[in-house]
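Scroll down for the structure; my scribbles are underneath it.
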Amino acid sequence: MMKFDRSNRWLVLAANFAVVMGIILLVIELNQNQKMMKSQVRNDLSAKIVDIMIQIAADDDLVNIRIKGDAGDSLKLEEVQRYEHLCLAFFRYWENVHYQYRNGLYDEGEFEYQMKTIMGAYTNSGMRDVWCDKQYLFAKEFREDVNERMKRLGYQCEQF
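Heads up: take any position in the sequence shown, counting from 1, add 1024, and you land on the numbering used here.
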C-alpha cells in the first residue's frame, strides 16, 4: 500500500510538471504569434502605402492634381474628386496605422514617425481642407488625435 501511494504521488507530480511545462510552452507560442502578427501588420501597412505611392507616380495627371491640390490651387471638378479620393486613401491608411497602434500591433517609435509624416501632410492646405471637410468619415480616436496635433501646429478645422 505504501509503495502504491509513493508511485501515485510521483505520477501526480509528473502530471503537474507536464501541465506547467504545457502552460510555459503555450505562453512562448502566444508571444511568437504576437510578434508574427506585428510583423504581418507592418508588412501589410507598408505594402498599402507603397501601392498608393506607385499609383500616384504612374499617373502624370494624378501627380499634377496632387501638386495643385496640396498647394490649394484651383482644381477642375473631376480633379477635385480625384484629389479628395487620394487624400481619403492616405487618411484611411493613417487611420489604420493609428488603430493598429492603439491595439498594440504598432510600436511607439514607428507610430510617432508615422504621425510626424501625417502631420507634415496636413501642412498642405489642400489636404488640410479635405480633412476638415471629410473627417467625420473616420474613427473618433483618430479624429481627436489628428485634430489635437493640428492644433499644436497652429491649424484648426472650423467644424467638429
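Glycine included, each C-beta is placed from N, C-alpha and C at the ideal position. Just so it is clear, the structure is predicted and the values come from calculations on it, not from any experiment.
Backbone CA spacing between residue i and residue j [nearest angstrom]
i, j, result
"GLY1150", "MET1060", "38 angstroms"
"ASP1029", "ALA1039", "15 angstroms"
"GLY1178", "PHE1114", "21 angstroms"
"MET1143", "ARG1173", "7 angstroms"
"GLN1064", "GLN1058", "10 angstroms"
"PHE1166", "ARG1126", "10 angstroms"
"GLU1182", "ALA1163", "18 angstroms"
"ASN1120", "TRP1155", "16 angstroms"
"GLY1133", "GLN1124", "13 angstroms"
"LEU1050", "ILE1089", "53 angstroms"
"PHE1184", "ASN1171", "Below a pLDDT of 50, predicted positions are generally treated as unreliable, and PHE1184, at 49, falls in that range; the measurement from the model is reported next regardless. Computed Cα separation, rounded: 9 angstroms."
"HIS1122", "ILE1052", "27 angstroms"
"GLU1168", "GLN1180", "12 angstroms"
"GLN1056", "TYR1130", "15 angstroms"
"PHE1041", "LYS1027", "21 angstroms"
Whole-number beta carbon distance between residue j and residue i, since they are thought to touch under 8 angstroms
i, j, result
"TYR1160", "ARG1152", "Contact doesn't hold; Cβ gap of about 15 angstroms is too wide."
"LYS1092", "LEU1101", "Not confirmed; about 13 angstroms, so no contact."
"TYR1117", "ILE1076", "7 angstroms"
"ASP1083", "ASN1148", "Wrong, their Cβ atoms sit about 18 angstroms apart, outside the cutoff."
Span of the alpha helix (DSSP H), counted from its first residue to its last, around residue i
i, result
"CYS1156", "1149-1158"
"TYR1137", "1132-1145"
"ALA1163", "It is not in any alpha helix (DSSP H) - ALA1163 carries neither H nor E in the DSSP assignment."
Close-in-space but distant-in-sequence residues of the same chain around residue i (CB under 8 angstroms, 5 per side omitted)
i, result
"ALA1081", "VAL1087"
"LYS1158", "GLU1108, CYS1111, LEU1112, PHE1115"
Residues near residue i in its chain [Cβ-Cβ closer than 6 angstroms; skip 5 each side]
i, result
"VAL1043", "none"
Neighbourhood of residue i by C-beta, 7 angstroms cutoff - its chain only, sequence neighbours within 5 removed
i, result
"ASP1097", "none"
**OP:** Let me know the alpha helix (DSSP H) ranges lying completely inside the stretch 1027-1062, each 4 residues or longer, listed in chain order.
**Re:** none
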